[in-house]
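> Just remember that our numbering sits 80 ahead of the position in the sequence shown, which is counted from 1. Glycine included, C-beta positions come from ideal geometry on N, C-alpha and C. Fair warning: this is a prediction, and the values are worked out from it, not measured in the lab.
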Amino acid sequence: GEGIDGLLGYLVRLTVGPGDTVVTSAGAYPTFNYHVAGFGGEIVAVPYRDDHEDPEALVEKAAETGAKLVYIANPDNPMGTWHGPDRIRAMVEAVPDGTLLVLDEAYIEFAPHGTAPVIDPDDPRVIRMRTFSKAYGMAGARV
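Below is the structure:
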């Protein structure tokens, strides 16, 4: 894909239809929200807690609403906060059936070593997004 923005658009197009619920944090990456709205999805925003996205509240809201997707950025932009690997793994384990976790790790290279959790790349509950544009200055490169 043409970076995370394009991949998010394709993912939303493949999984979200008119009226489908998607859960994200209030203040999270706006381009994700544009894609959801553009394909007719309904965005449910969960408040931050102590300047962090709230993984437990995101999963709870996804279960409550039957969300197709739940989005979290780790580390979060614009706050610059992050969650450790155990908390993200717990989020993956708690994702409700029928919901896909979108884990945006565009800024993972700026977090402390060990922040990125070990997750089986074949785990159907989560899709991870990474980029070369932030830490490596390769915006626009197609690899």
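With DSSP as the reference, label Glu82 as helix, strand or coil.
In the displayed model, Glu82 falls within coil according to three-state DSSP, outside both helix and strand.
> May I have the straight-line CA-CA distance separating Glu133 from Leu88, to the nearest angstrom?
Distance between the alpha carbons of Glu133 and Leu88 is about 19 Å.
> Would you mind sorting Glu173 into buried or exposed? The rule is 16 or more other CB atoms within 10 Å of its CB.
exposed
> State the start and end residues of the unbroken alpha helix (DSSP H) segment that holds Thr111.
Segment 110 to 118, the alpha helix (DSSP H) holding Thr111.
> Check the DSSP bridge columns for Ala125 and list the partner residues they point to.
As computed with DSSP, Ala125 is found in a beta bridge with Thr104.
> Measuring straight from C-alpha to C-alpha, what distance separates Pro165 and Gly120?
33 Å
> Which residues share a DSSP beta bridge with Arg210?
Bridge partners of Arg210: none, in fact.
> Taking Glu140 as the reference, give the member of Met171, Ala196, Tyr187, Val116 with the closest Cα.
When the alpha-carbon of Glu140 is set against those of Met171, Ala196, Tyr187, Val116, the nearest one is in Met171.
> Give the DSSP-derived three-state secondary structure of Tyr151 in the structure shown.
strand
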